[in-house]
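Counting from 52, one number per residue, gives the positions in the sequence shown under my numbering. We put the CB at the ideal spot given by N, CA and C, even for glycine. Here is the structure we will look at.
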Amino acid sequence: MTLAPLDLSLADMALRILMGVAAAALASLSGVGGGVFFVPIFLFIVGLPPNIAVGSSKVVVAIVSIVSGLTYLRQGTTRLSRAAPLMVSMIPGAALGAYLVAYIDPRLLEVILGLFITYYSLRLLLVTARKALAREAKPVEEEGSRGPRPGGRYLMLATGVAAGLFAGLTGTGGGAILVPMLTLLRIAKLKEAVAISMLSISLGAVVSAAIHVWTGVVDFGGAAPFALGALIGSILGPMAASRLSTDALRPIVALVLLLVALRLLF
Numbered sequence: 052m053t054l055a056p057l058d059l060s061l062a063d064m065a066l067r068i069l070m071g072v073a074a075a076a077l078a079s080l081s082g083v084g085g086g087v088f089f090v091p092i093f094l095f096i097v098g099l100p101p102n103i104a105v106g107s108s109k110v111v112v113a114i115v116s117i118v119s120g121l122t123y124l125r126q127g128t129t130r131l132s133r134a135a136p137l138m139v140s141m142i143p144g145a146a147l148g149a150y151l152v153a154y155i156d157p158r159l160l161e162v163i164l165g166l167f168i169t170y171y172s173l174r175l176l177l178v179t180a181r182k183a184l185a186r187e188a189k190p191v192e193e194e195g196s197r198g199p200r201p202g203g204r205y206l207m208l209a210t211g212v213a214a215g216l217f218a219g220l221t222g223t224g225g226g227a228i229l230v231p232m233l234t235l236l237r238i239a240k241l242k243e244a245v246a247i248s249m250l251s252i253s254l255g256a257v258v259s260a261a262i263h264v265w266t267g268v269v270d271f272g273g274a275a276p277f278a279l280g281a282l283i284g285s286i287l288g289p290m291a292a293s294r295l296s297t298d299a300l301r302p303i304v305a306l307v308l309l310l311v312a313l314r315l316l317f
């Protein structure tokens, strides 16, 4: 654990807080933890070594997932009972993935996962474009809008294991996998899928952050202004989501997930 002194001007401090607000708001709007934003920030803006950048990012992601997940709960966007099976099943899935990474080429899986997320993101953008071009036509069915399938609890458990497995194998946050799976499998509509995702990844995010703190790869000084901003953004994101229509939310989710896919592919 490091605590570097903050030799920043007031303007630099304010800028870092605002970046934390923006990154956390986008992350909580799209159902991803935020590592896709915070790792590059800590690497290229703060200038931390890669291992410290990842560890510091995990602490901020834990804040984002907990605060935004609780905010979604308070709003009634989802219920804890909906996320609980995923929270439980993602842990063994992630553990299995961490074990199998020694036997399976993670690069191949990153490409497969990146292509899957790209497909899902482009699908969301296509639906958005179709609805924008044909407002008066028959409404385009929203992902997940056909209602829950039979055996929903078992499907949720299997989804959690699969998301945890891929997250453990590739190092990708589970949210980038959960949102597509929850909607494509018709477990939840997009807004609830985002809320469920943030709740589901919170437990794993806390455990991961604690391990990184324990092993001393967190720069609390460098992370502090971004964490403060993330605390604010994690509340603003769900508040914005509650006011946005699904049509407005869909391209935001798609573009954030495309960033994750590009990171996996390249």
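Do you know how far the Cα of Ala74 is from the Cα of Tyr150? 31 Å
Using a Cβ-Cβ cut-off of 6 Å (strictly less than) and excluding sequence neighbours within five positions of Ser386, which residues of its own chain qualify? One cannot answer for residue 386 here, as it falls past the ends of the chain, which runs 52 to 317.
I believe Phe93 touches Ser79 by the beta-carbon criterion, under 8 Å. Please report the beta-carbon distance rounded to the nearest angstrom. Rounded, the Cβ-Cβ distance is 19 Å, inconsistent with contact.
Residue nearest to Thr266 in terms of C-alpha spacing, selected from Leu177, Gly272, Val258: Val258
For Gly98 and Ala291, I'd like the C-alpha separation in whole angstroms. 31 Å
By how many angstroms is the C-alpha of Gln126 removed from the C-alpha of Ser293? 8 Å
Excluding the five sequence neighbours on either side, which residues of its own chain have a C-beta within less than 7 Å of the C-beta of Arg314, listed in chain order? Val87
Starting from the C-beta of Pro157, find all residues in its chain whose C-beta is less than 8 Å away, skip the five residues before and the five after it, and write them out in chain order. Leu220, Thr221, Gly222
I need the straight-line Cα distance from Gly280 to Ala145, nearest angstrom please. 29 Å
Only counting the same chain, and skipping five residues up and downstream in sequence, which positions put a Cβ closer than 6 Å to that of Leu147? Leu216
Tell me the start and end of each unbroken alpha helix (DSSP H) in the region 69-111 that is at least 4 residues and wholly inside, in chain order. 86-91
Could you tell me which residues DSSP puts in a beta bridge with Asp318? Given a span of 52 to 317 for the chain in the structure shown, any question on residue 318 remains unanswerable.
Find out if the Cβ-Cβ distance for the pair Ala278, Ile114 is shorter than 8 Å. yes
Just the Cα atoms here: how many angstroms apart are Tyr129 and Phe89? Checking the sequence shown, residue 129 turns out to be Thr, not Tyr. Each residue's Cα considered, the two are about 26 Å apart.
Among Leu316, Asp298, Ala65, Val307, which residue has its Cα nearest to the Cα of Lys182? Asp298
Answer with buried or exposed for Leu316, where buried requires no fewer than 16 other C-beta atoms within 10 angstroms of its C-beta. exposed
Assign Asp270 to one of three DSSP states: helix, strand, or coil. strand
Measuring CA to CA, which of Leu61, Ser81, Val268 is closest to Ser285? Ser81
Does DSSP put Gly225 in a helix, a strand or coil? coil
Taking Ile148 as part of the alpha helix (DSSP H), name the residues at either end of that continuous run. First, the residue type needs correcting, since residue 148 is Gly and not Ile in the sequence shown. Element bounds for Gly148: 131-151.
Nearest-angstrom beta carbon gap, Leu137 and Pro302 [assumed within contact, 8 Å]: That pair is no contact at about 25 Å.
In chain order, what residues of the same chain lie with their CB nearer than 6 Å to the CB of Leu160, ignoring the 5 residues before and after it? Leu220, Thr221
Since Gly85 and Val110 are thought to touch, with beta carbons under 8 Å apart, how far apart are those beta carbons, to the nearest angstrom? In fact, because the Cβ distance is near 11 Å, the residues do not count as touching under 8 Å.
Would you check if the distance between the CB atom of Gly255 and the CB atom of Ile163 is smaller than 8 Å? no
Compare the beta carbon distance of Gly106 and Val268 with 8 Å and say whether it is the shorter of the two. yes
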